[in-house]
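> Below is a structure I'd like to ask you about.
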Amino acid sequence: MRTALIFAIMLAAIPTLNGQQPRKLKVLISVDMEGVAGVVSADQLSPSSFEYERFRRFMTAEALAAVEGAKQSGATEIVVTDAHGNEQNLLVEQFPPDVRIVRGSPRHLGMMGGLDASFDAAMFVGYHASTTNTAGVRAHTFSSARFTRVTLNGTPVTEGAWNAAIAGQFNVPVIFASGDNAAITEIRAAIGDVEAVETKHTLGFHAAETLTPDAAQKLIREKAAAATKRLAERKPYRVTSPIAVTISFKSITPVEAASYLTQVFTRVDSHTLRFTAKDMAEASDVLEFLMAYRIDLEP
0 MRTALIFAIM LAAIPTLNGQ QPRKLKVLIS VDMEGVAGVV SADQLSPSSF
50 EYERFRRFMT AEALAAVEGA KQSGATEIVV TDAHGNEQNL LVEQFPPDVR
100 IVRGSPRHLG MMGGLDASFD AAMFVGYHAS TTNTAGVRAH TFSSARFTRV
150 TLNGTPVTEG AWNAAIAGQF NVPVIFASGD NAAITEIRAA IGDVEAVETK
200 HTLGFHAAET LTPDAAQKLI REKAAAATKR LAERKPYRVT SPIAVTISFK
250 SITPVEAASY LTQVFTRVDS HTLRFTAKDM AEASDVLEFL MAYRIDLEP
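Take the sequence shown: its position 135, counted from the start at 1, is 134 in numbering that gives the first Met the number 0, and no numbers get skipped.
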């Protein structure tokens with residue numbers, strides 16, 4: 000009995016021998032919904048839609064699969080960011096107690112809310128193609144109701160590229176993405192050949208050939224684990240600062256109103272604003288304002 004006790008104490012002391020502590024590995028998982036397996040229309044995407052309750056469960060399950068995969072390969076701390084719609088979609092009670100959830104809006108860093116320089120990696124789950132992509136399922140950039148185009152330093156961006164640039168400001172690489180094939184192609188074109196899962200093959204804006212939820216979750220778990228193991232191979236995606244941002248709107252009215260703020264915005268044409276930000280965090284704050292502010296805004 001005494002020998003067993005001594006052995007147990009020695010094992011417990013192994014991680015701290017020579018002053019070494021177990022390595023911490025902190026991961027942020029940003030979760031959208033349009034790229035989730037099975038999603039093809041608004042019928043799955045908003046609280047008033049008849050399939051929303053089912054598909055928020057599938058969204059949660061894909062996020063959980065990424066959590067499980069990251070943990071399998073050594074992640075010790077995980078923050079999951081709800082990044083769809085009102086950002087209150089994930090079923091928080093289904094996550095392990097050691098996972099933290101970011102939800103609600105508006106917030107600093109938008110879809111990357113909660114991120115800072117303490118993270119080692121970021122993952123994207125359920126992402127979709129950009130508004131300029133003719134192939135993606137429910138393709139849009141940040142707001143399908145408001146925006147038609149977003150650029151960084153003159154280059155049109157997806158939500159994936161924008162969010163990867165936010166991560167890059169904090170020296171955090173994006174190591175995994177899931178979504179339809181059009182979304183994955185765009186993300187890889189912008190930031191490199193990250194581990195990815197194509198949850199469905201697009202057949203149009205409201206059509207796709209999709210994996211089943213179980214099949215998608217299995218692949219996400221496997222690829223997230225593989226991505227975490229290969230973390231050392233990934234480099235942060237950075238854009239040159241100061242950052243020139245242009246945003247084109249569907250409506251003229253918000254462009255006209257914002258253009259009166261001459262210290263911030265330049266009106267490029269009837270539907271487009273331009274502004275300059277010192278970094279991606281500042282650019283994200285301006286974007287959050289443009290998406291969230293309404294004259295009739297109430298608590």
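All C-beta atoms in this analysis are idealised placements derived from N, C-alpha and C, irrespective of residue type, glycine included.
Determine which residues share a DSSP beta bridge with VAL98 and list them.
VAL98 is bridged to ILE77.
> Does the structure place the region 182-198 close enough to the region 150-166 that three or more beta carbon pairs sit under 8 Å?
The answer is yes - the region 182-198 touches the region 150-166, with three or more Cβ pairs under 8 Å.
> Check this for me: beta carbons of ILE28 and MET122, under 9 Å apart or not?
Cβ distance < 9 Å, so ILE28 and MET122 count as in contact.
> Under 8 Å: do the region 71-80 and the region 219-233 share three or more Cβ pairs, one atom per stretch?
Taking 8 Å as the limit for Cβ pairs, the verdict is that the region 219-233 does touch the region 71-80.
> Counting pairs of beta carbons, one from the region 77-91 and one from the region 138-155, are three or more of them closer than 8 Å?
The region 77-91 is not in contact with the region 138-155.
> Quick test of your reading: ALA181 and ALA128, contact by CB under 8 Å. State the CB separation rounded to the nearest angstrom.
Indeed, because the Cβ distance is near 4 Å, the residues count as touching under 8 Å.
> Going straight from the alpha carbon of GLY113 to that of ILE100, what length do you get?
Between GLY113 and ILE100, the C-alpha separation is close to 9 Å.
> How big is the Cα-Cα spacing for PHE57 and VAL30?
Distance between the alpha carbons of PHE57 and VAL30 is about 12 Å.
> Please work out which residues of its chain come closer than 6 Å, Cβ to Cβ, to GLU67, disregarding the five sequence neighbours upstream and downstream, and give them in chain order.
Once the five neighbours on either side are set aside, the close Cβ partners of GLU67 are ARG220.
> In whole angstroms, what separates the C-alpha of LYS23 from that of VAL39?
Cα to Cα, the separation comes out at about 38 Å.
> Where does the unbroken alpha helix (DSSP H) through MET290 begin, and where does it stop?
Unbroken alpha helix (DSSP H) run through MET290: 279-291.
> Confirm, please, whether the CB-CB distance from GLY37 to LYS199 is below 9 Å.
Yes, these two residues count as a Cβ contact at 9 Å.
> Pick helix, strand or coil for THR245, following the three-state DSSP scheme.
Strand, per DSSP.
> Suppose you measure from the CA of ALA64 to the CA of SER269; what does that come to, to the nearest Å?
So the two alpha carbons sit approximately 44 Å from each other.
> What three-state label does DSSP hand ALA82 in the structure shown?
ALA82: coil per DSSP, three-state reduction.
> If you follow the beta strand (DSSP E) that TYR236 is in, where does it begin and where does it stop?
First-last for TYR236: undefined, no H or E at that position.
> Alpha carbon to alpha carbon, how far is SER320 from ARG53?
Because the chain is modelled from 0 through 298, residue 320 falls outside the range shown and cannot be assessed.
> Would DSSP call TYR126 helix, strand or coil?
Here TYR126 sits in strand by DSSP.
> As a quick exercise: from ALA134, GLU61, SER143, pick the residue whose alpha carbon is nearest that of VAL124.
If we check each option's Cα against that of VAL124, GLU61 comes out closest.
> At what residues does the alpha helix (DSSP H) containing LYS70 begin and finish?
51-71 is the span of the alpha helix (DSSP H), which, as asked, contains LYS70.
> Can you grab the Cα-Cα spacing for the pair GLY153 / ASN132, in whole Å?
Taking the straight line joining both Cα atoms gives about 17 Å.
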